[in-house]
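For the sequence shown, the numbering used here assigns the number 1358 to the initial residue and increments by one for each residue that follows. All C-beta atoms, glycine included, are put in the ideal place defined by N, C-alpha and C. Treat the numbers as computed from the prediction; the structure is a model and nothing was measured. Encoded as structure tokens, the structure appears first; notes follow it.
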Amino acid sequence: MAKLGVVIPAYNSERFLADAIRSLQSQTFRDWKAVVVDDGSTDRSAAVAEETAAGEGRIALVRQDNRGVCAARNRGFEELGGSCEYVSFLDGDDLWLPDALERLLGASSTQGGVGAHGLFEYCDEGGVRLSPAPRELLGEDVYGYPLRPADGASWSLSRSALSAKGLVPLDPNQPTSLDGFLVSNCIQTPGLTLLRAEAFEKAGGFDPEFWPCEDWEFYQRLLSLGTLAFVPEVILRFRLHSRNVSSSGDRGENAIHRIRRRALSGHFGQERAQWTRSYLRREAWLKARNGLKWCVLGPLRGNWQRARAGWADLASGLSTWARRV
């Protein structure tokens, strides 16, 4: 029985999958087993996994029809067969630093809770560290603002707790809790976390109904069971490439709204619902102010797309604020 199980979902990941697997094989912590789940790839992902893991008895490959990343992660956990105390999920285009699992396991073992999480930094398609990341690789919204901060570690460090007074910053020695995670995601990819397998199973796994925000939704359910220890050091490189730069658009916005409506319904307690409601009202007011700015700037700059987006955000923000969410 291995101490730790790793699931690597892969869909058309032939360019980067070997690097992800090698980053697992290079870990200083050695008591692990892994499952690569090929999610109906139409490229050589499965062959790459077999070639990279050749002679490595701890890595298994399973294939399934294309059902999405949530199903692939959940399938991988099932394939581990309850034989591991901890589980982690490494996307097929990300890279762990050599001591990632050792640091996460150490924090979780000493601090308790349902697991641990750490920081990430960006890298380019070749795996070379980017700090800061070039703006063109970060994507942008309709107003031209970057979709991601230029510095990944700073983004992960911006953890908060939600209270009656709003968001309160957390010290690095404090664990991450549900309060705060309801309104702000400080875990950008599942490879940043190491979870107690029992807690993952109790939380219910990843839900495809909330894609592309399925990880944020899952971690809310997980954190309702306990806290995550925090490792204030970079443990993972998040690869920026053409397939992960684009925005998820309306589907992402709809998923966020559904997740927040559940929190507002009192799913995680009435007090948390009230705190979330107060925070979202302030957020709606800021959205309306930004929309008003672009209602003016858009026409002045001849950018009617941003002007239309400004009117939409002004109306949406004021509507949310006025009805008190």
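Where the alpha helix (DSSP H) containing residue i begins and where it ends
i, result
"L1657", "Q1627 to L1657"
"R1663", "W1661 to A1679"
"S1517", "From DSSP, S1517 is part of no alpha helix (DSSP H) but of the beta strand (DSSP E) over S1517 to S1520."
With 16 other Cβ atoms within 10 Å as the buried cut-off, status of residue i
i, result
"E1408", "exposed"
"K1390", "buried"
"G1438", "exposed"
"V1591", "buried"
"D1670", "buried"
"S1370", "buried"
"S1541", "exposed"
"S1402", "buried"
"Y1368", "buried"
"T1467", "exposed"
"I1365", "buried"
"L1462", "buried"
"L1504", "exposed"
"P1338", "Lying outside 1358 to 1682, the shown extent of the chain, residue 1338 is not represented and no answer is given."
"W1661", "exposed"
"G1561", "exposed"
"S1603", "The predicted model places S1603 with a pLDDT of 46, which falls under 50 and marks its position as unreliable, so this point remains unresolved."
"Q1531", "exposed"
"P1526", "exposed"
"L1643", "exposed"
"R1663", "buried"
"E1628", "exposed"
"V1444", "buried"
"S1488", "exposed"
"Q1421", "exposed"
"A1521", "exposed"
"A1645", "buried"
Among the options, the one whose alpha carbon lies nearest that of residue i
i, options, result
"L1552", "A1406, F1446 and P1366", "F1446"
"K1360", "R1387, S1380, R1680 and P1366", "R1387"
"N1431", "R1401, G1362 and S1465", "G1362"
"G1583", "D1448, A1410 and V1471", "V1471"
"G1475", "A1490, R1516 and L1535", "R1516"
"Q1384", "D1456, S1635 and R1608", "D1456"
"G1397", "S1465, D1376 and N1423", "N1423"
"C1652", "V1485, S1465 and Y1500", "Y1500"
"D1481", "R1608, R1615 and L1597", "L1597"
"E1493", "Y1502, V1485 and R1486", "Y1502"
"R1638", "A1612, G1626 and S1673", "S1673"
"G1715", "D1395, Y1479 and R1646", "Residue coverage of the chain in this structure runs from 1358 to 1682, which leaves residue 1715 outside it and unanswerable."
"G1496", "P1506, L1487 and S1488", "P1506"
"L1579", "P1547, W1568, W1453 and R1608", "P1547"
"W1573", "S1534, A1554 and E1459", "S1534"
"A1620", "V1405, R1665, T1399 and D1536", "D1536"
"D1528", "L1418, K1522 and V1588", "V1588"
"E1413", "G1648, I1378 and Y1576", "I1378"
"E1558", "A1464, E1442, P1491 and L1549", "E1442"
"D1400", "R1372, A1411 and L1675", "R1372"
"I1616", "W1668, L1654 and F1538", "F1538"
"R1486", "A1473, G1509, G1469 and S1465", "G1509"
"Y1576", "F1595, R1594 and L1549", "L1549"
"C1543", "R1594, I1613 and S1511", "S1511"
"P1569", "F1595, A1586, G1609 and L1585", "G1609"
"I1613", "F1567, K1650, L1593 and N1647", "F1567"
"S1380", "A1518, L1514 and D1450", "D1450"
"L1374", "D1564, A1518, G1484 and E1555", "G1484"
"L1675", "L1649, L1454 and R1658", "L1649"
First through last residue of the beta strand (DSSP E) which encompasses residue i
i, result
"E1371", "No beta strand (DSSP E) holds E1371; DSSP gives it neither H nor E."
"L1535", "Looking at the DSSP string, L1535 is not in any beta strand (DSSP E); the run it does join, the alpha helix (DSSP H), is L1535 to F1538."
"G1362", "L1361 to A1367"
Strand pairing of residue i, partner residues [DSSP]
i, result
"P1526", "S1517"
"L1552", "V1444 and G1472"
Would you list, in sequence order, the uninterrupted alpha helix (DSSP H) runs of no fewer than 4 residues that lie entirely inside the stretch 1386-1443? Within the stretch 1386-1443, the complete alpha helix (DSSP H) runs of at least 4 residues are 1402-1409 and 1426-1437.
Scan the stretch 1435-1505 and note each continuous alpha helix (DSSP H) run of 4 residues or more that stays entirely inside, going in chain order. Scanning the stretch 1435-1505 for uninterrupted alpha helix (DSSP H) segments of 4 residues or longer gives 1457-1468, listed from N- to C-terminal end.
Return the chain-ordered ranges of every beta strand (DSSP E) run that is complete within the stretch 1565-1625 and spans a minimum of 3 residues. Taking only runs of at least 3 residues, the beta strand (DSSP E) segments lying wholly in the stretch 1565-1625 are 1585-1596.
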